[in-house]
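Enquirer: First residue of the sequence shown: 1454, per the numbering used here; consecutive thereafter. Just dropping this structure here.
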Amino acid sequence: METKYFSLGQAENSKMVKILQVVFGILCIGIAVFWLIFNLRSINAAGTSWITVIFVGGFGFYQIYAGLGYSKRFIKIGPDKIFIKKDIMLPAIEISAGELEKVELYPFNLILFLKTRKRVMLRLGATYQETNEKIKDEILVFAELNSINVEFVEGKL
1454 METKYFSLGQ AENSKMVKIL QVVFGILCIG IAVFWLIFNL RSINAAGTSW ITVIFVGGFG
1514 FYQIYAGLGY SKRFIKIGPD KIFIKKDIML PAIEISAGEL EKVELYPFNL ILFLKTRKRV
1574 MLRLGATYQE TNEKIKDEIL VFAELNSINV EFVEGKL
């Protein structure tokens, strides 16, 4: 089995969009620093100025983070490991086949039960049905190769 990669978000952005995100992020952080330096006296008096600086600086940081490709959500299924990045700000979770006890497949999500009694839930959503079915098929192949129990659960909508 070869490693399969599935994006859990929007279609991939072009290089130009990523470059513009980084440039816009740098611009936002620059504006936040400029605002902070030249309006320091008014910032001491008004708390809303601090909120503005933090918001614009945080937005700039996120734009750079996204432009460099760190905010992609994905699932990567290999022959003996699964990597899941379901949150844009947290690192990917690595789950080896030996750690898995069973897998439950629902219509719009899947739950991986670990032998440590932890659960990892991945919400697939209703937008990308074709991708959801491909992910479920690859999870089935992975489970079959590694002798992991799979349970299909019909959820109520």
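Note that the Cβ used here is the ideal one computed from N, Cα and C, for glycine as well. Computed from a prediction, not measured in an experiment: that's the story for all the values here.
In the structure shown, what three-state DSSP assignment does residue 1524 receive?
Expert: Position 71 of the sequence shown, counted from the start, is the residue given in the question as residue 1524. Three-state DSSP puts residue 1524 in coil, outside helix and strand.
Enquirer: For residue 1484, I'd like the list of residues in its chain whose CB is within less than 7 Å of its CB, leaving aside the five on either flank, ordered along the chain.
Expert: Within the sequence shown, numbered from 1, the residue matching residue 1484 stands at position 31. These residues qualify, in order along the chain: 1509.
Enquirer: Taking the C-alpha atoms as reference points, what is the distance between residue 1586 and residue 1570?
Expert: Translated into positions along the sequence shown, residue 1586 becomes position 133. Translated into positions along the sequence shown, residue 1570 becomes position 117. So the two alpha carbons sit approximately 26 Å from each other.
Enquirer: Per DSSP, what kind of secondary structure is residue 1480 in: helix, strand or coil?
Expert: Taking the first residue of the sequence shown as position 1, residue 1480 is located at position 27. It is helical.
Enquirer: Assign residue 1604 to buried or exposed, taking buried as 16 or more other Cβ atoms, counted over all protein chains shown, within 10 Å of its Cβ.
Expert: Along the sequence shown, one-based indexing puts residue 1604 at 151. So residue 1604 ends up on the exposed side.
Enquirer: Please give the ranges of any beta strand (DSSP E) in the segment 1518-1578, keeping only runs that are unbroken, at least 3 residues long and fully inside the region.
Expert: 1527-1530, 1534-1538, 1546-1549, 1553-1558, 1562-1567, 1572-1576
Enquirer: Pairing CB atoms from the segment 1581-1596 with CB atoms from the segment 1511-1527, are three or more of them under 8 Å?
Expert: No: fewer than three Cβ pairs fall under 8 Å.
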